[in-house]
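Visitor:
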Amino acid sequence: MEHFLISNQGINTYLEYELDETQEIDTLCMGMVKNNKIEGMLPVVFQQIDKRRYFKYTITSKITLNKFLEREVSRHKLLRIMESILKALMEGEEYMIPPSVCLLEENKIYVDSHTGEAFLICLPILDGVKAADIRLFFKNLLFQAKYESGEDNSYVAHLIGILNQEEKFCVSLFLREVRFLLGERGKGDTKETFNKPRERKVSLGKQHEEKKVQPLEKKPQESIGEIGQNLLQPERKGEIEKTKQGDMVWEFELDSETHKEEKNKKRGFFGSLFQKKSRERSFDSFIDSGEEPVFEFLMPGQEEPIHAKLEPSEIDIAPIVKSFVEDTPIPADFGGTTLLNEDKYDETSLLQEWGTERHSEPYLIRNQTQEKFYINKSVVRIGREKQQVDYCVQENKAVGRSHADIITRGQRYYVMDLNSKNRTFINGQAIPSQQEMEIMDGDCVRLANEEFIFHT
Amino acid sequence: MHFTAVACTDIGISKDTNQDSVLMKHAQCSMGQIFLGVVCDGMGGLSKGEIASATVIQEFSKWFDQELPYELENLDMYVIGGKWSLKLKELNVKILEYGQKENIKLGTTFTGILFVGNQYVIAHVGDTRVYYIGSRIQQLTTDQTFVAREISRGTLTPAQAKTDKRRNMLLQCVGASEKVEPQIIVGNSQRGAYILCSDGFRHEISDYEIYEALNPEVLTNKMKMNCQVEYLIEEVKKRQEQDNISVILIKTE
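Protein chains in written order, with our numbering: chain B, 3 to 458; chain G, 146 to 398.
Here it is as structure tokens:
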């Protein structure tokens, strides 16, 4: 059975793993991951709809390690990735999550392309998942990576050497080696591209009801997606109202009051239980008490997520025939004011006060034609309709008349899909309509099937 | 900044329809008061001008309700100006296509101003105007008319322009031009008074007369503001202005 599925809901992207009937949840492991923010692991939510059970991971703004490695990696970048994976494995151990339940596969490890940190998926299933060979994983990683020329790549041989050694593989020792290499500056080290984590701006989208401006209220939204978003980006400056930020607990809201009470009690109980391994006393008390740990999430039917599979969109093939009747240039008489029908409006007589000057303009390159065009205005529109866009994509009928905008806010850049039929993608991931999504240097912005590379 | 505003639109003495459309939106948010004022002077016989100006006004009213809140989260007046400009281009195409389908010609001018925080942004197409009155009266927008262009080029003097047959000829308008290039202005709002008006309002009166009647010293309260505007409109009609007349008067303090 194909277990994994990627779905888009609102502003977020999720990876879902559907369990088959034979698989049993490792409730202890599940509790650990659910109730603690483990560095380097993707937070997981459990959902059940009728008989079907899912683990859901938020992968918004992340790309798979595979995709990340399609481009050249610097020494620093690669070591950082390895460090974060190793750290995640070690953190997992502290929470009694064995490496065997973590997916060590390049297409199942997610990377935040801005911070260079890797995130693992933990599948809390009782003896279902095959334990990965960590040694082999790292060897493959080192073999697969595309190295930047001009850098001192001797560290690669060094690490492979360690991985080839006879002795049993030890995560902490290997991590130490990696950290040592990170600390040491190699010859010809390329400049660090990750100076500080840049958050992808996500503005509250049209999924919300019409917001009245008077007074300007931001209703706290308790969707899982938002909480997930807050969890993954704790440094956001309050653009979205944070809910339940305090204890970072994901809970399903139950209807009845009694459940709420029980839930609060349990949170306290399990809160102390699901601490790190060092608190052994509470662990013992759990075993002794004989109480069945009932997890709230086992209540079915509480939430109905929308399972939107990313199906290939239909491409609009029928050409739009413009039956444009060219008028003879006579000053049309509208009564008092008349319109001068000139072919070209003389733009030199217009005063365009754009304000601040841009020192170095970003630009887009259209892959198909290698054409370059500059982002020299606050809002640049791309589409097929010449008269309403700034950059016209004429021949491609899949691109909408007004397909997307590139918006400049200070030093940051965003793309916004304008309810296009065939959608807009950043690095392969579809973005929701009518929401500004931040783009970075090197990102691939695709309008339907027309690719552009964005450069700052 | 605190806003007090009044608006008035008058069919005038000779027209069958009023093709001007006027929009005012006033709201409160965490940043203070926000104010949007738009005047659209429609054109195209058989009341089609109304369709054009009303369509544009409705789009901007919708924008205020639905999109402005998101812009406020990350306020950038230049981005708003950019989006307005693109919106006007889109509307231009929409109205143009409608006109082709119905085999009529219709269009509208557009002059809109949005005040947020201590800035304003203006988008402008045509010959409707925005004035600012502080210690003196200042026209903020540039008329996109044939004569205005000729004056700026030096081929016509203002005196000649007054009597020139083409003095009301527009260079572009939304819905009837192949391409529109709106004028976008971002500025710092100042205390005083801002006036948006259609050309019918200011043909027969001088800038000085506008200043006399509408300077902030005179505008003691809303009722007085209404009074002054009505007085000017009556005066304009007395002087046989034929066109529709529209004004929005905003007092800022």
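All C-beta atoms in this analysis are idealised placements derived from N, C-alpha and C, irrespective of residue type, glycine included.
Shorter than 7 Å from the beta carbon of B/V381 to some beta carbon of chain G?
Guide: B/V381 counts as touching chain G.
Visitor: Could you compute how far the alpha carbon of B/D154 sits from the alpha carbon of B/I408?
Guide: If you take the alpha carbons of B/D154 and B/I408, they lie about 38 Å apart.
Visitor: To be precise: take each residue of the region 406 to 417 of chain B, compare its Cβ to all Cβ atoms of chain G, and keep it if any distance is under 8 Å. Which residues remain?
Guide: The region 406 to 417 of chain B vs chain G, Cβ under 8 Å: D407, I409, T410, R411 and G412.
Visitor: How many Å lie between B/R425 and B/F121 at the Cα?
Guide: Cα to Cα, the separation comes out at about 28 Å.
Visitor: Starting from B/N10, trace the beta strand (DSSP E) both ways and give me its first and last residue.
Guide: Start and end: F6 to Q11.
Visitor: For B/K388, verify whether its CB is less than 6 Å away from any heavy atom of the ligand ADP.
Guide: Among the ligands in the structure shown, none appear at all, so the ligand ADP cannot be discussed.
Visitor: Look up B/N37 in the DSSP assignment and say whether it is helix, strand or coil.
Guide: Three-state result, B/N37: helix.
Visitor: Between G/Y223 and chain B, is there a C-beta pair that is closer than 7 Å?
Guide: With 7 Å as the cut-off, G/Y223 counts as an interface residue toward chain B.
Visitor: Taking Cβ positions, are G/S334 and G/N263 nearer each other than 7 Å?
Guide: Cβ distance < 7 Å, so G/S334 and G/N263 count as in contact.
Visitor: Any contact of the region 287 to 294 of chain G with the region 363 to 371 of chain G, i.e. 3+ C-beta pairs under 8 Å?
Guide: Judged by Cβ distances under 8 Å, the region 287 to 294 of chain G makes no contact with the region 363 to 371 of chain G, as fewer than three pairs qualify.
Visitor: Give me the DSSP bridge partner(s) of B/C124.
Guide: B/C104, per the DSSP bridge assignment.
Visitor: Note the first and the last residue of the continuous beta strand (DSSP E) segment covering G/L233.
Guide: Premise fails: G/L233 lies in the alpha helix (DSSP H), M222 to E247, not in any beta strand (DSSP E).
Visitor: Tell me whether the beta-carbon of B/E1 lies closer than 7 Å to the beta-carbon of B/I164.
Guide: The structure shown does not extend to residue 1 of chain B, since chain B is modelled only from 3 through 458, so no value can be given for it.
Visitor: Is the number of C-beta pairs between the region 91 to 99 of chain B and the region 29 to 46 of chain B that are closer than 8 Å three or more?
Guide: These segments touch.
Visitor: Which runs of the beta strand (DSSP E), 3 residues or longer, sit entirely within the region 160 to 229 of chain G?
Guide: As far as the region 160 to 229 of chain G is concerned, its whole beta strand (DSSP E) runs of at least 3 residues are 165 to 174 and 177 to 188.
Visitor: Using 8 Å for Cβ pairs, my map puts G/L181 next to G/G257. What's the rounded Cβ distance?
Guide: Confirmed, about 7 Å.
Visitor: Can you pull out the residues from the region 31 to 61 of chain B whose beta carbon lies closer than 7 Å to at least one beta carbon of chain G?
Guide: Within the region 31 to 61 of chain B, no residue qualifies.
Visitor: Please check if any C-beta of chain B sits within less than 7 Å of the C-beta of G/E204.
Guide: Chain B, which has no Cβ nearer than 7 Å to the Cβ of G/E204, makes this no.
Visitor: In three-state terms, what does DSSP make of B/E153?
Guide: Reduced to three states, the DSSP call for B/E153 is coil.
Visitor: In this structure, what does DSSP give as the bridge partners for G/T302?
Guide: Beta-bridge pairing links G/T302 to no other residue.
Visitor: State the DSSP-derived secondary structure class of B/R414, mapped to helix, strand or coil.
Guide: In this structure, B/R414 counts as strand in the three-state DSSP scheme.
Visitor: Spatial neighbours of G/G189 within its chain, please: CB distance less than 7 Å, with the 5 preceding and 5 following residues excluded, ordered by chain position.
Guide: Counting only Cβ-Cβ distances below 7 Å, and skipping sequence neighbours, we find A197, I249, K250, L251 and G252.
Visitor: Check the Cβ-Cβ distances between B/T458 and every residue of chain G, and say whether any is below 7 Å.
Guide: Closer than 7 Å: no.
Visitor: Out of B/I127, B/Y16 and B/I136, point me to the one whose CA is closest to B/K170's CA.
Guide: The residue with the shortest Cα to Cα distance from B/K170 is B/I136.
Visitor: Hey, quick one: how far does the beta strand (DSSP E) through B/R1 stretch, first residue to last?
Guide: Nothing in the structure corresponds to residue 1 of chain B, since chain B is present only between 3 and 458.
Visitor: DSSP three-state label for B/A147, please.
Guide: If DSSP states are grouped into helix, strand and coil, B/A147 belongs with coil.
Visitor: How about G/P327 and G/V261: are their beta carbons less than 7 Å apart?
Guide: Cβ atoms of G/P327 and G/V261: not closer than 7 Å.
Visitor: According to DSSP, is B/V395 part of a helix, a strand, or is it coil?
Guide: Coil, per DSSP.
Visitor: So the alpha helix (DSSP H) B/R77 belongs to, where does it begin and stop?
Guide: Taken as a continuous stretch (DSSP letters only), the alpha helix (DSSP H) holding B/R77 covers R77 to E96.
Visitor: Between which residues of its own chain and G/Y265 is the CB-CB distance below 7 Å, once the five residues before and five after are set aside?
Guide: Answer for G/Y265: I258, L259, G332 and S334, listed in chain order.
Visitor: Give a yes or no on whether the minimum CB-CB distance between G/L285 and chain B is below 7 Å.
Guide: Cβ-Cβ to chain B under 7 Å: no for G/L285.
Visitor: Drop a sphere of 10 angstroms on the beta-carbon of B/G402, count the other beta-carbons inside from all chains shown, and report buried for 16 or more, exposed for fewer.
Guide: Flag for B/G402 reads buried.
Visitor: Using three-state DSSP, classify B/K379 as helix, strand or coil.
Guide: Correct three-state label for B/K379: coil.
Visitor: Tell me, please, whether the CB atom of B/E243 is closer than 7 Å to any CB atom in chain G?
Guide: Caution applies to B/E243, whose pLDDT of 37 falls short of 50 and renders its modelled position unreliable; the model cannot decide the point.
Visitor: Measuring straight from C-alpha to C-alpha, what distance separates B/T24 and B/N14?
Guide: Computed Cα separation, rounded: 30 Å.
Visitor: The alpha helix (DSSP H) spanning B/F176 covers which residue range?
Guide: It spans V173 to G185 - the alpha helix (DSSP H) in which B/F176 sits, taken as one unbroken run.
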